[in-house]
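Under the numbering used here, residues 135 to 351 are what the sequence shown spells out, in order.
Note that the Cβ used here is the ideal one computed from N, Cα and C, for glycine as well.
To start, the structure itself, in structure tokens.
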Amino acid sequence: METLHATLLFTHILTGTVALLSGTIAGLLRKRRGFHSLFGGIFTYCMYAVAISGFILSAMRYNMFLLAVSIFTLHMVITGSRAFRGMNRNARLGMSIFGWAGSAALLYIGVTALALHSNTMGIVPIIFGALLVSMSRRDYRIYRGTIKPNPVILHLNEMGGALIAAYTAFLTTGAGRVLHGMGYDISQLQVFLWLLPTVIGTLALTRVNFKMRRSVT
Numbered sequence: 135m136e137t138l139h140a141t142l143l144f145t146h147i148l149t150g151t152v153a154l155l156s157g158t159i160a161g162l163l164r165k166r167r168g169f170h171s172l173f174g175g176i177f178t179y180c181m182y183a184v185a186i187s188g189f190i191l192s193a194m195r196y197n198m199f200l201l202a203v204s205i206f207t208l209h210m211v212i213t214g215s216r217a218f219r220g221m222n223r224n225a226r227l228g229m230s231i232f233g234w235a236g237s238a239a240l241l242y243i244g245v246t247a248l249a250l251h252s253n254t255m256g257i258v259p260i261i262f263g264a265l266l267v268s269m270s271r272r273d274y275r276i277y278r279g280t281i282k283p284n285p286v287i288l289h290l291n292e293m294g295g296a297l298i299a300a301y302t303a304f305l306t307t308g309a310g311r312v313l314h315g316m317g318y319d320i321s322q323l324q325v326f327l328w329l330l331p332t333v334i335g336t337l338a339l340t341r342v343n344f345k346m347r348r349s350v351t
């Protein structure tokens, strides 16, 4: 079991590092076929590996925060990578159901952590759960045909959100461990480190969305 855990952890860290680098490069490149698609494809497959290994690792060590990021990440990567190809109605309904189930799990984890264990880190899965509720509602409306999303904006938001998740993992695990090893007490900064990429990334995506919508109109 320990060998399996070590192998999964190595895979999780390696693919997460590659995803962080390739996703950042793809985000900085001009959005067209070519190098953007190449690095974006690497990012997508690595994030699949990150999310799936994260699911298994969270079950092996009961890490609710890793579970939260894994659920959130998998939903965004699937939706974002399929934005231009689209999904049939059954697949879209499946994504909506997965999102609703995932958001319910995240909200339960967060409320339990806050109410029963007085753990302020419960704020993290609550915020992720609330965001996933919004995404699941959108997926259901697409399934019903009440809205028709712009594939460019959908791709940008979902893949951008997945990149935010990669930076979140980097700050909370990689950078956090480095600071701890240097003798810094980061126990009071955990919530801040978890939410900082989300705040910065959301503001950046909102700005880009506003520019794109103005250019369309």
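### Task
Ignore the nearest five residues each way along the sequence and tell me which others in F262's own chain have a CB closer than 6 Å to its CB.
A202, F206 and L240
### Message
My assumption, with CB atoms under 8 Å, is that S187 sits in contact with T145. Please give the rounded CB distance.
### Response
5 Å
### Task
Output yes or no for whether 8 Å exceeds the beta carbon distance between G295 and M198.
no
### Query
Is the region 321–340 in contact with the region 238–258, if contact means three or more CB pairs nearer than 8 Å?
yes
### Message
Rounded to the nearest angstrom, what separates R348 and G150 at their Cα positions?
### Response
34 Å
### Message
Using CA atoms only, rank isn't needed, just tell me which of G228, A160 and A303 is closest to P331.
### Response
A303
### Reference L288, options R219, H251 and I190, closest by Cα
R219
### Task
Pull up the CB-CB distance for Y274 and S230, whole angstroms please, since I reckon it's below 8 Å.
4 Å
### Message
So for T141, helix, strand or coil by DSSP?
### Response
helix
#### Entry: Cβ shell of L143 (< 7 Å), same chain only, five flanking positions each side left out
L191
### Query
So, are the CB atoms of A368 and M181 less than 8 Å apart?
Residue 368 lies beyond the residue range present for the chain, which begins at 135 and ends at 351; the question has no answer from this structure.
### Message
Check for me: the alpha helix (DSSP H) holding R278 runs from which residue to which?
### Response
I257 to R278
### Query
Around the Cβ of T280, are there at least 16 other Cβ atoms within 10 angstroms (buried) or fewer (exposed)?
exposed
### Query
What span of residues does the alpha helix (DSSP H) with T207 cover, start to end?
M198 to S215
#### Entry: CA nearest to the CA of I176, picked from G157, G168 and M194
G157
### Message
Pop quiz: A359 and E292 are said to be a contact at Cβ under 8 Å. What is the actual Cβ separation, rounded to whole angstroms?
### Response
Absent from the model: residue 359. The displayed extent of the chain is 135 to 351, so no value can be given.
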